[in-house]
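Position one of the sequence shown corresponds to residue 16 (my numbering), numbered consecutively onward. For every residue, glycine included, the Cβ atom is placed at its ideal position computed from N, Cα and C.
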Amino acid sequence: MAPSRLIDLLIPPRLRKPAAPPRPIRIEMRDGPQEIAVVVRPAARRMILRIDRRTGGATLTLPRGVARHRAEQFVLSQAGWLEARLKALPPRVAFADGATLPIRGVEHRIRHAGANRGATRIEHTTEGLVLLVHGASDALPGRVLRFLKAEALADLTVASRRHAATLGVAIGRISIKDTVSRWGSCSSRGDLAYSWRLILAPGFVLDYLAAHEVAHRLEMNHSARYWRNVRTLVPDFRVAEDWLNRHGPALHHYGP
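Shown next, in the form of structure tokens:
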């Protein structure tokens, strides 16, 4: 047994220094360099390369003990597949003058109203729905983001309180975040957190997510009883789930 391994066995687990995460693998592609995150999973049986449709990031999962050069060779062998998948992703939409984005599932065009002061607001115009943004042009992305977060918080607060009243439960603080792995969460104290990106989805989707989290005030699990409570709040919740499965990842391609 190697001396370093023997030392590791003699040190209690709580005192061992956690191993440094593997360095990303960087490869050159036609559109520029691409970094692939590397994750080691002891239970993995083979090397797996995946692309997160939400973030556009690539991750290579390795079984324990795979040498670095083997991992790099595997990524290079998959460069064509990786490039094709990345190109198939929806393009990112920056918050900029003239860009369009869905608000409550309906397309709005961002219009910069100039450097004069004014509240960011939605207006009906001859060209359709417009999100009018005042102030310096370099401040426009931040103003759009703050507007969307405020709208998300307002809609989710109303929906959460309505569902809580229906179930007869108390809820705590409601906050807005920019999560990637899930759309919402409910703590044991009843605090609710949601992704601001839900304001980009149709209203019935946002309403379902509020019901989904509020229902955890009765069942902190996803048991059959939990889903019966969700169905009480949103009888056709499967429609919203289907929408999220099909269109949810694209919501992560807007803004930051």
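Spatially closest choice to Gly47 from Leu75, Thr172 and Leu97, by CA coordinates: Leu97
According to DSSP, is Glu142 helix, strand or coil? coil
Rounded C-beta distance between Ala128 and Leu147? I'm assuming under 8 Å. 5 Å
Endpoints, the alpha helix (DSSP H) within which Pro156 is located: Leu155 to Leu182
Alpha carbon to alpha carbon, what distance is there between Asp153 and Arg132? 14 Å
I need the straight-line Cα distance from Ser200 to Leu224, nearest angstrom please. 9 Å
Excluding five sequence neighbours on each side, which residues of the same chain lie with their C-beta closer than 7 Å to the C-beta of Arg68? Leu104 and Pro264
Kindly say whether Arg176, judged by its beta-carbon, lies nearer than 9 Å to any beta-carbon of chain C. The structure shown contains no chain C; it holds only a single protein chain.
Using three-state DSSP, classify Ile186 as helix, strand or coil. coil
Could you say which of Gln88, Met62 and Phe252 lies nearest to Arg79 if we only look at CA atoms? Met62
Taking just the CA atoms, how far does Gly71 sit from Glu142? 32 Å
Assuming Val90 and Ile40 make a contact with CB atoms under 8 Å, what is their CB distance in whole Å? 5 Å
Starting from the Cα of Trp258, find the closest Cα among Pro250, Arg240, Val220 and Asn236 and give me that residue. Val220
Excluding the 5 residues preceding and the 5 following Ser175 in the sequence, name in chain order all residues of the same chain whose CB lies nearer than 8 Å to its CB. Ile186, Ile189, Leu207, Ala225, Glu228 and Val229
Measuring straight from C-alpha to C-alpha, what distance separates His218 and Ile51? Looking at the sequence itself, residue 218 is Gly, so the reference to His does not match. Going from the Cα of Gly218 to the Cα of Ile51 covers about 36 Å.
Applying the 10 Å Cβ sphere with the 16-neighbour rule, what's the burial state of Asp222? buried
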